[in-house]
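Structure record follows, encoded as structure tokens.
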Amino acid sequence: MDYGEKARQDRHYFAELELLVDSLSEIGSLMQSVRKENGLTQEQLAELAGISERTLRSIEAGTGNPSFAAVLSTAAILGIKISVER
């Protein structure tokens with residue numbers, strides 16, 4: 001593989017990664033909105049989802065590196081369906 005091909009693959013990878021980060025931020029914002037609509041505090045939702053408040057804050061802010069299981073359990077409590085497609 002030559003340098004040009006590697007650079008093109010890297011740009012494609014980082015473009016996909018940027019879309020993923022945008023999606024995670026959107027999921028977090030949606031979760032925060034639904035949580036508030038349901039009158040739940042972060043403490044209450046974290047307890048229901050079996051995660052820490054810190055993890056919930058990172059999910060809602062779209063920061064950090066929460067586990068997929070934490071995101072899914074929180075989404076399930078809120079009635080949000082998350083699907084992964086290839």
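Start counting the sequence shown at 1; every next residue gets the next number (the UniProt record's numbering).
No residue lacks a Cβ here, since even glycine has one placed at the ideal position from N, Cα and C.
The structure displayed is predicted, hence computed values, not measured ones.
For residue i and residue j, I'd like the C-alpha separation in whole angstroms.
i: residue 81; j: residue 54; result: 22 Å
i: residue 60; j: residue 83; result: 18 Å
i: residue 87; j: residue 72; result: For the chain, the structure presents residues 1 to 86; residue 87 sits outside this window and is missing.
i: residue 42; j: residue 75; result: 13 Å
Please return the same chain residues whose Cβ sits closer than 7 Å to the Cβ of residue i, not counting the five positions on each side in sequence.
i: residue 65; result: none
i: residue 34; result: 78 and 80
Go through its chain and collect everything with a Cβ distance to residue i's Cβ below 6 Å, but skip five positions before and after it.
i: residue 62; result: 24, 25 and 28
i: residue 49; result: 73, 74 and 77
Relative to the alpha-carbon of residue i, which residue among the options has its alpha-carbon at the smallest distance?
i: residue 30; options: 57, 67 and 69; result: 57
Return the chain-ordered list of same chain residues with a C-beta closer than 8 Å to the C-beta of residue i, the five sequence neighbours on each side being excluded.
i: residue 45; result: 35, 56, 74, 77 and 78
Subject >> alpha helix (DSSP H) segments (min. 4 residues) lying fully within the segment 24–85 >> reply: 42–49, 53–61 and 68–78
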